[in-house]
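Let me begin by presenting the structure, written as structure tokens, before commenting on it.
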Amino acid sequence: MSKIDELLVDVARLVESGQSNQMSLTVVTGGAVITGRLAPEAVWRQRVSEVLADSDRLAEFSAVFAAAAAKDGPPTHLHFHLARILQGTVGIPETGGMYRVSIADISAWTMGDVSYSDH
């Protein structure tokens with residue numbers, strides 16, 4: 014977006030302040046459609062850190078995500094968990110992934126988790 018959507022920033026701010034992970038959102042960014050639930054950054058970082066710590070090959074990266082995030086100013090990113098990138102009739106990954114999306118790069122959005130079907 015050439016001008017950041019203040020309404021979307023307000024949604025992100027509420028997610029951050031409430032420590033809730035129940036807000037579903039679908040965004041278009043860079044031509045991709047991402048749909049899923051938002052999480053506060055601290056919760057998202059902790060979960061990514063746990064996943065990395067459990068990996069034999071990636072455990073060394075766990076500490077990067079475990080570090081506290083700077084809290085200067087309004088939120089600049091959305092943190093999705095249980096999210097999918099929609100491609101045709103398929104959601105990738107099927108079980109949901111963890112995505113960090115810059116609010117400045119979002120060109121469209123809607124409330125709710127967009128469903129998809131192979132029928």
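Read in order, the letters of the sequence shown correspond to residues 14 to 132 in the numbering used here. All C-beta atoms in this analysis are idealised placements derived from N, C-alpha and C, irrespective of residue type, glycine included. Just so you know, these numbers come straight off a predicted model, no measurement behind them.
The region 113-130 makes contact with the region 48-60: 3 or more CB pairs, one atom from each, lie closer than 8 angstroms.
In the structure shown, residue 71 adopts coil according to DSSP, grouped into three states. Taking C-beta atoms under 8 angstroms as the contact rule, residue 90 and residue 115 qualify, at a distance of about 6 angstroms. In its chain, beyond the 5 residues on either side, 28, 51 have a beta carbon closer than 6 angstroms to the beta carbon of residue 36. DSSP places residue 52 outside both helix and strand once states are collapsed to three, so it counts as coil. In the DSSP annotation of this structure, the continuous segment of the alpha helix (DSSP H) that includes residue 25 starts and ends at 19-31. For residue 58, the CB contacts under 6 angstroms within the same chain, skipping 5 residues up- and downstream, are 78 in chain order.
The continuous beta strand (DSSP E) containing residue 100 extends over residues 90-100.
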